[in-house]
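Residue numbers for the sequence shown follow the numbering used here, beginning at 1 and rising by one.
Just so you know, even glycine gets a beta-carbon here, dropped at the ideal spot from N, CA and C.
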Amino acid sequence: MRHFTCACCALILVFFATTPAQAADSITLQVDLRDAPRHLFHVHETLPVKPGPLTLYYPKWIPGEHSPSGPLENLAGIQFTAGGRSVTWRRDPTDMYALHLDIPKGVTSMDAAFDFLSPAMGGEFGQSVSATPDIVDLEWNQVLLYPAGKPSREISFEPGVKLLAGWKFATALETASGGADEPRFKPVMLNTLVDSPLIAGRYFNRLDLAPNDKVPVHLDVVADTAEDLAVTPDELTGLRNLVQQAYVLFGAHHYDHYDFLFTLSANTGHFGLEHHQSSDDRIFPDYFIEPATQLVGAHLLPHEYVHSWNGKFRRPAGLWAADFNTTPMKGELLWVYEGLTEYFGDVLTARSGMLTAQQYRDTLAASAAVMDHRPGRSWRPLQDTADEAQILYYAPRAWQNWRRVQDFYSEGELIWLDVDTKLRELSSGKRSMDDFAHVFYGMDDGSYVTKTFTFDDVVAALKQVQDYDWAGFLRARLDSTQYHAPLDGITRGGYELAYTDTPTEYFKDMEKLRKSVNLLYSIGLMLSSEEGKRGLIEDVLWDGPAYKAGLGAGMKLVAVNGRALDADPKVLQDAIQAARTTSTPIRLLVRQQDQYLSYDVDYHGGLKYPVLKPLPGVAPVLDAIIAPHK
Ligand SMILES: [Zn+2]
């Protein structure tokens with residue numbers, strides 16, 4: 001289930017699954033967001049307490065972030081008072097997310113006040129910028145303390161916010177009272193509260209994505225300007241198709257209602273965070289205006305939506321915990337949680353028409369090329385990227401191809417395409433991952449009580465669809481240290497990963513949005529094209545031509561064959577093409593700290609950009625996979 005509320009329609013909303021029986025036992029939580037333009041959230045909590053020792057936790061392990069990423073460093077001004085007197089506290093010396101207090105005799109209620117210093121710059125995911133003069137995105141786990149000793153599903157909260165006058169909001173929470181500027185929400189359990197973020201802003205729009213269904217699905221948008229809110233008819237049609245295509249794929253849904261909480265801003269962080277009944281989706285401000293942004297960002301909403309089924313309703317056992325502090329998350333099955341979400345999300349993006357078939361193939365070619373240029377595969381199997389995910393999410397961009405990072409997304413997608421095409425091959429086209437989706441997610445329609453799973457459960461569900469040694473099939477791919485990516489799904493799909501000297505539209509748009517020049521597949525370099533950083537080498541392909549010449553990440557390219565990069569941003573691409581017909585190395589002048597250094601790169605293969613090329617004589621199974629389903 002989910003709830004959307006805005007000031008104008010709070011009364012029509014649906015209900016929570018787990019409404020606490022006794023609101024009197026609830027912790028009252030009031031978050032004053034009126035200081036959001038300067039990134040300050042002021043928090044006041046009233047907790048029912050008993051005399052004696054009390055431990056309060058600040059949430060540490062954040063669902064969806066798969067990491068101990070609760071931004072504890074941003075908590076300040078902590079004060080506890082009871083009966084008009086201050087209550088002293090001491091942080092646990094080994095678990096810094098725990099505060100110890102001793103509640104005085106006779107005290108049954110305690111007030112807690114603190115400020116959340118919401119980031120003003122930088123950061124990843126929930127630790128990135130969440131407030132601007134016109135927008136605030138609130139993740140409740142960042143603005144609460146909760147008592148130790150009970151599972152989060154047994155701790156009741158009565159949350160509320162204070163907003164700047166005239167702002168509107170959306171959340172899965174159900175409004176109980178208060179006006180538009182100071183809504184209070186019905187009591188919910190802590191796990192549901194953390195699962196129900198809120199967005200608010202001066203510029204707000206809400207669109208119905210399931211106008212003919214009993215189960216509401218909405219797109220709620222906040223943006224930097226009123227102009228950025230305008231959803232194009234094509235985008236609206238695509239998102240409506242997405243909802244219906246997801247229902248066809250999974251055969252059930254796991255919410256009472258669903259809200260895409262969509263933030264379009266140049267100033268906030270850009271990411272998506274999944275929840276059962278909503279998703280916190282943040283992207284560039286011109287998403288509805290600029291085709292390049294829409295093409296590159298098209299998969300965001302489908303990915304987070306698929307998570308309602310895969311990740312929230314069905315969750316790897318190691319990523320489920322009774323609270324947010326006492327059990328570390330284990331990422332070993334993230335190649336299912338994220339990899340299969342990536343696969344289904346991208347397939348649904350195409351099935352819904354949000355990408356054309358050609359655009360889908362271009363995105364697949366781009367991510368397959370990244371995985372097929374990962375020399376780090378020789379020492380680190382994919383399984384290890386999932387096992388170390390909580391660290392790798394925050395790894396630097398440099399040497400990604402040798403380090404490997406969150407490869408369980410893109411390589412997970414390749415493995416699931418491999419599985420899908422294998423299922424189709426083994427069953428002569430009768431069965432596919434669509435059948436797996438029904439088996440694995442198509443139960444308990446409407447329920448969003450999480451069902452955990454193990455590796456063996458995944459294998460058993462695949463066997464139910466088609467008997468085969470799926471454990472062996474998957475382990476061979478997960479534990480492999482071979483150089484090349486698992487591309488059999490692409491070839492069984494009727495295509496091959498190939499390279500041409502002309503980038504696809506998608507590739508060009510990716511470079512534009514990432515402000516980078518990606519020459520990893522030719523000379524083996526990734527450069528920044530950002531103003532002020534132009535020429536900065538962000539990554540070098542391990543053992544590639546530039547690597548062999550001695551270049552490394554962090555150097556700054558200044559000139560190519562004696563011609564300044566400043567004078568002609570295309571000078572390197574032109575030199576790479578010109579070198580095809582000579583044996584003369586390409587001479588690169590770089591600045592490394594306070595020195596200028598010259599390197600000769602002996603590369604003559606020309607520019608190379610990934611594409612999928614049809615394989616003659618092989619049925620285009622991939623085209624059938626991404627065609628709209630009924
Ligand atoms: Zn995801």
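- Query: Is the closest heavy atom of ligand 1 to the C-beta of T341 under 6 angstroms?
  - Reply: Numbered from its first residue, the sequence shown carries residue 341 at position 341. Under cutoff, so the answer is yes.
- Message: Shorter than 6 angstroms, the distance from the beta carbon of E65 to the closest heavy atom of ligand 1, or not?
- Response: Here residue 65 is taken as the residue at index 65 of the sequence shown, counted from 1. The answer is no for E65.
- Query: In chain order, what residues of the same chain have a beta carbon less than 7 angstroms from the beta carbon of V439, not counting five sequence neighbours either side?
  - Reply: Looking up residue 439 in the sequence shown gives position 439. Taking V439 as the centre and dropping the five residues before and after it, the same chain places the C-beta of A461, Q464, V465 closer than 7 angstroms to its C-beta, in chain order.
- Pick from K515, K556, V571: whose alpha carbon is nearest that of G562? The residue labelled residue 562 in the question sits at position 562 within the sequence shown. That would be V571, whose Cα lies nearest to the Cα of G562.
- Where S516 falls, given that 16 or more other Cβ within 10 Å makes a residue buried: By one-based count along the sequence shown, residue 516 stands at place 516. With a 10 Å radius around the Cβ and a threshold of 16 neighbouring Cβ atoms, S516 comes out buried.
- Item | In DSSP terms, what H42 is bridged to | Along the sequence shown, one-based indexing puts residue 42 at 42. Within the DSSP secondary-structure output, H42 pairs in a beta bridge with D32, D115.
- Query: Relative to ligand 1, is the shortest distance from any of its heavy atoms to the C-beta of E338 smaller than 6 angstroms?
  - Reply: Against the sequence shown, residue 338 aligns to sequence position 338. Checking every heavy atom of ligand 1 against the Cβ of E338, one is found closer than 6 angstroms.
- Message: Less than 7 angstroms between the C-beta atoms of R240 and M189, yes or no?
- Response: Numbered from its first residue, the sequence shown carries residue 240 at position 240. Numbered from its first residue, the sequence shown carries residue 189 at position 189. It is not a contact, given that the beta carbons lie outside the stated cut-off.
- Query: For R580, does the three-state DSSP call read helix, strand or coil?
  - Reply: Here residue 580 is taken as the residue at index 580 of the sequence shown, counted from 1. DSSP places R580 in helix when its eight states are reduced to three.
- Query: Taking the C-alpha atoms as reference points, what is the distance between V347 and L364?
  - Reply: The residue given as residue 347 occupies position 347 in the sequence shown. The residue given as residue 364 occupies position 364 in the sequence shown. Going by the C-alpha atoms only, they are around 10 angstroms apart.
- Message: Let me see if you follow: with CB-CB separation under 7 angstroms, is G353 close to chain B or not?
- Response: Structure shown: chain B not included; a single protein chain is present.
- Message: Give me, in chain order, the residues of the same chain whose beta-carbon lies closer than 6 angstroms to that of P68; leave out the 5 immediate sequence neighbours on both sides.
- Response: Working through the sequence shown from its first residue, we reach residue 68 at position 68. If we look at P68 and ignore the five residues flanking it on each side, its Cβ neighbours are K60, W61.
- Run of the alpha helix (DSSP H) containing K548, from where it starts to where it stops: Start at 1 with the first residue of the sequence shown, and residue 548 comes out as number 548. Where K548 is concerned, the enclosing alpha helix (DSSP H) stretches over 545-549.
- Given a threshold of 16 other Cβ atoms within 10 Å of its Cβ, counted over all protein chains shown, does G446 qualify as buried or as exposed? The sequence position of residue 446 within the sequence shown is 446, counting from 1. Counting Cβ neighbours within 10 Å, G446 comes out exposed, since fewer than 16 surround it.
- Query: CB A170 to CB D137, shorter than 7 angstroms?
  - Reply: On the sequence shown, residue 170 is found 170 positions in, with the first residue counted as 1. On the sequence shown, residue 137 is found 137 positions in, with the first residue counted as 1. The beta carbons of A170 and D137 sit no closer together than 7 angstroms.
- Message: When you compare the stretch 553-569 with the stretch 580-595, are there three or more beta-carbon pairs, one atom per stretch, that lie closer than 8 angstroms?
- Response: Flag = yes, the stretch 553-569 and the stretch 580-595 touch.
- Query: With distances taken from CA atoms, which of D32, A619, A148, R514 is nearest G494?
  - Reply: Against the sequence shown, residue 494 aligns to sequence position 494. Minimum Cα distance to G494 is reached at A619.
- Query: Taking L178 as the reference, which of G166, K162, Q79 has the closest Cα?
  - Reply: As a first step, residue 178 must be located in the sequence shown, where it is residue number 178. With the sequence shown as reference, residue 178 is identified as Gly, and Leu is not the correct amino acid for it. Of G166, K162, Q79, the residue nearest in Cα terms is K162.
- For K422, which residues of its own chain have a beta-carbon under 6 angstroms away from its beta-carbon, when the five flanking residues on both sides are left out? Taking the sequence shown and counting its residues from 1, the one referred to as residue 422 is at position 422. Around K422: no qualifying Cβ.
- Query: For the beta strand (DSSP E) that Y495 lies in, which residues bound it at each end?
  - Reply: Residue 495 sits at position 495 when you count from the first residue of the sequence shown. Where Y495 is concerned, the enclosing beta strand (DSSP E) stretches over 495-500.
- Item | Cβ contact (3+ pairs, closer than 8 angstroms) linking the stretch 336-356 and the stretch 620-629 | Segments in contact, yes.
- Task: With a 10 Å radius around its C-beta and 16 neighbouring C-beta atoms as the bar for buried, classify V129 as buried or exposed.
- Result: To locate residue 129, count along the sequence shown from 1; it is residue 129. Label assigned to V129: buried.
- Out of L497, Y393, Q30, which has the shortest C-alpha to C-alpha gap to G489? Taking the first residue of the sequence shown as position 1, residue 489 is located at position 489. Residue L497 holds the alpha-carbon nearest to the alpha-carbon of G489 among L497, Y393, Q30.
- Query: Terminal residues of the continuous beta strand (DSSP E) containing Q79?
  - Reply: Position 79 of the sequence shown, counting from 1, holds the residue named residue 79. Here the beta strand (DSSP E) through Q79 covers 75-82.
- Item | Runs of alpha helix (DSSP H) wholly within the stretch 207-277 (minimum 4 residues, chain order) | Runs of the alpha helix (DSSP H) inside the stretch 207-277: 233-250.
- Message: One question on the structure: do L56 and P147 come within less than 7 angstroms of each other, judged by their Cβ atoms?
- Response: Numbered from 1 along the sequence shown, position 56 holds the residue referred to as residue 56. Numbered from 1 along the sequence shown, position 147 holds the residue referred to as residue 147. The Cβ-Cβ distance between L56 and P147 falls below 7 angstroms.
- From L33 to L75, what distance separates their C-alpha atoms? Taking the sequence shown and counting its residues from 1, one reaches residue 33 at position 33. Taking the sequence shown and counting its residues from 1, one reaches residue 75 at position 75. If I take the Cα positions, the gap works out to 15 angstroms.
- Go through its chain and collect everything with a Cβ distance to F116's Cβ below 7 angstroms, but skip five positions before and after it. Looking up residue 116 in the sequence shown gives position 116. Contacts found: F41, V43, N74, L75, Q142, V143.
- If you draw a straight line from the alpha carbon of V306 to that of R475, how long is it in whole angstroms? Locating residue 306 in the sequence shown gives position 306, counting from the first residue. Locating residue 475 in the sequence shown gives position 475, counting from the first residue. V306 and R475: Cα-Cα distance of roughly 24 angstroms.
- Item | Which of helix, strand or coil DSSP assigns to L615 | Taking the sequence shown and counting its residues from 1, one reaches residue 615 at position 615. L615 falls in the coil class under three-state DSSP.
- Three-state secondary structure (DSSP) at V633? Outside the modelled stretch of the chain, which goes from 1 to 630, sits residue 633, for which no answer is possible.
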